[in-house]
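Novice: Sending over a structure as structure tokens; questions will come in a sec.
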Amino acid sequence: MTNENQLHTATKHAGGMRSFKWYCKIFSIVFLYLSLAIVASIYCLPAVKKQHFKGRIERSLAQMYDKDDLGASALFAGNFINLGFWDLPIHKGKISICERIESERNLYRLVGKKLELDGSERVLDVGCGEGVGCALMLQEFSLKEIHGIDLSLAQISRAERINAVSMQKNRGRIFFKKGAAENIPYEPCSFEKIFSINAAQHFESLEKFAKEASRTLKPKGKVVIAALFGTSEKSQQLLAKNILTIKNGIDKTPTVCKFEEILKRNGFCHVKIESIGKNVWQGFDRWVAQGSLKDSWTRNWYKEYRNGLLDYYIVSAEKRE
Ligand SMILES: C[S@@+](CC[C@H](N)C(=O)[O-])C[C@H]1O[C@@H](n2cnc3c(N)ncnc32)[C@H](O)[C@@H]1O
Numbered sequence: 481m482t483n484e485n486q487l488h489t490a491t492k493h494a495g496g497m498r499s500f501k502w503y504c505k506i507f508s509i510v511f512l513y514l515s516l517a518i519v520a521s522i523y524c525l526p527a528v529k530k531q532h533f534k535g536r537i538e539r540s541l542a543q544m545y546d547k548d549d550l551g552a553s554a555l556f557a558g559n560f561i562n563l564g565f566w567d568l569p570i571h572k573g574k575i576s577i578c579e580r581i582e583s584e585r586n587l588y589r590l591v592g593k594k595l596e597l598d599g600s601e602r603v604l605d606v607g608c609g610e611g612v613g614c615a616l617m618l619q620e621f622s623l624k625e626i627h628g629i630d631l632s633l634a635q636i637s638r639a640e641r642i643n644a645v646s647m648q649k650n651r652g653r654i655f656f657k658k659g660a661a662e663n664i665p666y667e668p669c670s671f672e673k674i675f676s677i678n679a680a681q682h683f684e685s686l687e688k689f690a691k692e693a694s695r696t697l698k699p700k701g702k703v704v705i706a707a708l709f710g711t712s713e714k715s716q717q718l719l720a721k722n723i724l725t726i727k728n729g730i731d732k733t734p735t736v737c738k739f740e741e742i743l744k745r746n747g748f749c750h751v752k753i754e755s756i757g758k759n760v761w762q763g764f765d766r767w768v769a770q771g772s773l774k775d776s777w778t779r780n781w782y783k784e785y786r787n788g789l790l791d792y793y794i795v796s797a798e799k800r801e
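Below you can see the structure in the form of structure tokens.
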């Protein structure tokens, strides 16, 4: 082989090596970008999706309570928005609108009794809706002040309008304010008693609610919640098949035992759980069956209660000293 040939081969070899190095560089850059994209999609996509889902739930909740005046709808009536506590046995005939409203008032009365009020207490209703329950508590129970908070400003405006007479008569004893269960707009140790009726199923975080209830209650203060909960870990997933508000995330159904754990790790003790489902679901379903929603998914609440997937509870607990 001549020197010239050797030089040519060496140059060719060196050129090949250079291209090879370039290929390696390009390959490592592409590989790095691909790996970063995969890692980002694994870690960030669920968070983005969750944020999107949360935004959608907030919009649905706003639509439900800001825009639509549910308290004036035939399903609820009387400016209350709860399933009701029905006296048993429920008579066979048609349920009157007065009886329906009375069932909703009775759920407030039941919680009022559990609160064990003595006349000296400042009390908070979380998710007060249109505030008629706060006015009832003030009228029928012995308490110093009642404060109602609600996530929806429209509900607070309705509460102030509907209860204008009661607010005038009881000046300085009944108040309404926009505020979330997860961020209660009051100073620490503001209340002796806190309650919530038919609202906890909407709370974005029961953990944050429990923390806030603990912060704003005085030591030995009491919290009482009336709400629906799932009966097993699988409830939420199974209920989502037949109940629209669970499917779209407006209602959440963790188990009541999970809520008990949440209360205990946020400074509460003496947690008591009472199932009141038998006085809630059948009566509510009888009422739904009389109206325009008789053929809708709303009937599935009672079906799923009978299937053992959910129940309605009164949960009470005391803040540790
Ligand atoms: C079904 S209504 C119950 C109203 C009232 N307690 C009653 O029984 O008539 C539920 C209420 O909870 C409010 N709400 C939902 N999520 C909330 C939250 N995170 N904090 C405070 N209020 C909330 C809604 O705006 C709505 O007015």
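In this text, residue positions in the sequence shown follow this note's numbering: the first is 481, and each later residue adds one.
Note that CB positions come from ideal geometry on N, CA and C, so glycine has one too.
#1: My guess is that residue 596 and residue 623 are in contact by the Cβ rule of under 8 Å, so how many angstroms apart are they, rounded?
#2: Can you look up residue 709 in the DSSP assignment and give me helix, strand or coil?
#3: Suppose you measure from the CA of residue 763 to the CA of residue 690; what does that come to, to the nearest Å?
#4: Taking the alpha helix (DSSP H) that residue 610 falls in, what are its first and last residues?
#5: Quick check on DSSP: helix, strand or coil for residue 746?
#6: In chain order, what residues of the same chain lie with their CB nearer than 7 Å to the CB of residue 761, ignoring the 5 residues before and after it?
#7: Check whether the Cβ atoms of residue 733 and residue 790 lie closer than 8 Å to each other.
#8: Roughly how far, in whole angstroms, is the beta-carbon of residue 794 from the beta-carbon of residue 756, given that I think they are within contact range, below 8 Å?
#9: Would you say the segment 667-687 touches the segment 602-618, given that touching needs at least three Cβ pairs under 8 Å?
#10: Determine contact between the segment 767-782 and the segment 717-724, defined as no fewer than three beta-carbon pairs at a distance below 8 Å.
#11: May I ask whether a heavy atom of ligand 1 can be found less than 7 Å away from the beta carbon of residue 560?
#12: Please classify residue 632 as buried or exposed, where buried requires at least 16 other C-beta atoms within 10 Å of its C-beta.
#13: By Cβ distance below 6 Å, which residues in the same chain neighbour residue 680 in space, the five residues on each side in sequence not counted?
#14: To the nearest angstrom, how far is the alpha carbon of residue 571 from that of residue 775?
#15: Classify residue 549 as helix, strand or coil using the three-state DSSP reduction.
#16: Going straight from the alpha carbon of residue 551 to that of residue 569, what length do you get?
#17: When you measure from the CB of residue 656 to every non-hydrogen atom of ligand 1, does any distance come out below 7 Å?
#18: Keeping to the same chain, check which residues put their C-beta closer than 8 Å to that of residue 544; ignore five residues upstream and five downstream.
#19: For residue 621, collect the residues of the same chain with a Cβ closer than 8 Å to its Cβ; drop the 5 residues on either side in sequence, then sort them by chain order.
#20: Return the CA-CA distance between residue 801 and residue 700, expressed in angstroms with no decimal places.
#21: Do residue 683 and ligand 1 come close, with the Cβ less than 7 Å from some heavy atom?
#22: Using beta-carbon positions only, say whether residue 788 and residue 711 come within less than 8 Å of one another.
#23: Should residue 609 be listed as close to ligand 1, given that the test is whether its C-beta is under 7 Å from any heavy atom?
#24: By the three-class DSSP mapping on this structure, what secondary structure does residue 781 have?
#25: Here's a check: name, in chain order, each residue in its chain whose Cβ is nearer than 7 Å to the Cβ of residue 583, leaving out the five neighbours to either side.
#26: Taking just the CA atoms, how far does residue 513 sit from residue 768?
#27: Mapping DSSP to helix, strand and coil, what is residue 481?
#28: Going straight from the alpha carbon of residue 423 to that of residue 515, what length do you get?
#29: Please report how far the alpha carbon of residue 647 lies from the alpha carbon of residue 655, in whole angstroms.
Specialist: In short, the structure shows the following:
#1: In the sequence shown, counting from the first residue as 1, residue 596 sits at position 116. In the sequence shown, counting from the first residue as 1, residue 623 sits at position 143. With a Cβ gap of about 11 Å, residue 596 and residue 623 do not count as contacting.
#2: As a working note, residue 709 is residue 229 in the sequence shown. It is a strand residue.
#3: As a first step, residue 763 must be located in the sequence shown, where it is residue number 283. As a first step, residue 690 must be located in the sequence shown, where it is residue number 210. Spanning the two alpha carbons is a distance of roughly 30 Å.
#4: By 1-based counting over the sequence shown, the position of residue 610 is 130. Where residue 610 is concerned, there is no enclosing alpha helix (DSSP H), given that its DSSP letter is neither H nor E.
#5: On the sequence shown, position 266 is the one that residue 746 refers to. In the structure shown, residue 746 sits in coil (DSSP, three-state: anything other than H, G, I, E or B).
#6: Numbered from 1 along the sequence shown, position 281 holds the residue referred to as residue 761. Counting only Cβ-Cβ distances below 7 Å, and skipping sequence neighbours, we find 781, 782, 785, 792.
#7: In the sequence shown, the residue the question calls residue 733 occupies position 253. In the sequence shown, the residue the question calls residue 790 occupies position 310. Taking 8 Å as the Cβ cut-off, residue 733 and residue 790 qualify as a contacting pair.
#8: Residue numbering aside, residue 794 sits at position 314 when the sequence shown is read from its first letter. Residue numbering aside, residue 756 sits at position 276 when the sequence shown is read from its first letter. At roughly 6 Å, the Cβ-Cβ gap stays under 8 Å, so residue 794 and residue 756 are in contact.
#9: yes
#10: yes
#11: If you number the sequence shown from 1, residue 560 lands on position 80. Correct: residue 560 has its Cβ closer than 7 Å to ligand 1.
#12: The count along the sequence shown starts at 1 and reaches residue 632 at position 152. Looking at its Cβ environment, which holds 16 or more other Cβ atoms inside 10 Å, residue 632 is buried.
#13: Your numbering for residue 680 matches position 200 in the sequence shown. If we look at residue 680 and ignore the five residues flanking it on each side, its Cβ neighbours are 705, 707.
#14: Taking the first residue of the sequence shown as 1, we reach residue 571 at position 91. Taking the first residue of the sequence shown as 1, we reach residue 775 at position 295. Each residue's Cα considered, the two are about 22 Å apart.
#15: For this step, residue 549 is matched to residue 69 along the sequence shown. Three-state DSSP puts residue 549 in coil, outside helix and strand.
#16: Your numbering for residue 551 matches position 71 in the sequence shown. Your numbering for residue 569 matches position 89 in the sequence shown. Taking the straight line joining both Cα atoms gives about 26 Å.
#17: On the sequence shown, residue 656 is found 176 positions in, with the first residue counted as 1. No - ligand 1 has no heavy atom lying nearer than 7 Å to the Cβ of residue 656.
#18: The sequence position of residue 544 within the sequence shown is 64, counting from 1. If we look at residue 544 and ignore the five residues flanking it on each side, its Cβ neighbours are 550, 730.
#19: Within the sequence shown, the letter at position 141 stands for residue 621. Closer than 8 Å at Cβ, skipping near neighbours: 592, 595, 597.
#20: Translated into the one-based positions of the sequence shown, residue 801 becomes position 321. Translated into the one-based positions of the sequence shown, residue 700 becomes position 220. Each residue's alpha carbon lies about 6 Å from the other.
#21: Translated into the one-based positions of the sequence shown, residue 683 becomes position 203. Yes, the beta carbon of residue 683 sits closer than 7 Å to at least one heavy atom of ligand 1.
#22: Here residue 788 refers to the residue found at position 308 when the sequence shown is read from its first residue. Here residue 711 refers to the residue found at position 231 when the sequence shown is read from its first residue. Yes, these two residues count as a Cβ contact at 8 Å.
#23: Taking the sequence shown and counting its residues from 1, the one referred to as residue 609 is at position 129. Correct: residue 609 has its Cβ closer than 7 Å to ligand 1.
#24: Within the sequence shown, the letter at position 301 stands for residue 781. Reduced to three states, the DSSP call for residue 781 is helix.
#25: Your numbering for residue 583 matches position 103 in the sequence shown. Answer for residue 583: 564, 565, 566, 763, listed in chain order.
#26: As a first step, residue 768 must be located in the sequence shown, where it is residue number 288. As a first step, residue 513 must be located in the sequence shown, where it is residue number 33. Taking the straight line from one Cα to the other gives about 56 Å.
#27: Here residue 481 is taken as the residue at index 1 of the sequence shown, counted from 1. Confidence is the limiting factor: at residue 481 the pLDDT is only 46, short of 50, which leaves the residue's position unreliable, though a coordinate-based value still follows. Three-state result, residue 481: coil.
#28: Because the chain here runs from 481 to 801, residue 423 falls outside it and cannot be looked at.
#29: For this step, residue 647 is matched to residue 167 along the sequence shown. For this step, residue 655 is matched to residue 175 along the sequence shown. For residue 647 and residue 655, the distance between alpha carbons rounds to 8 Å.
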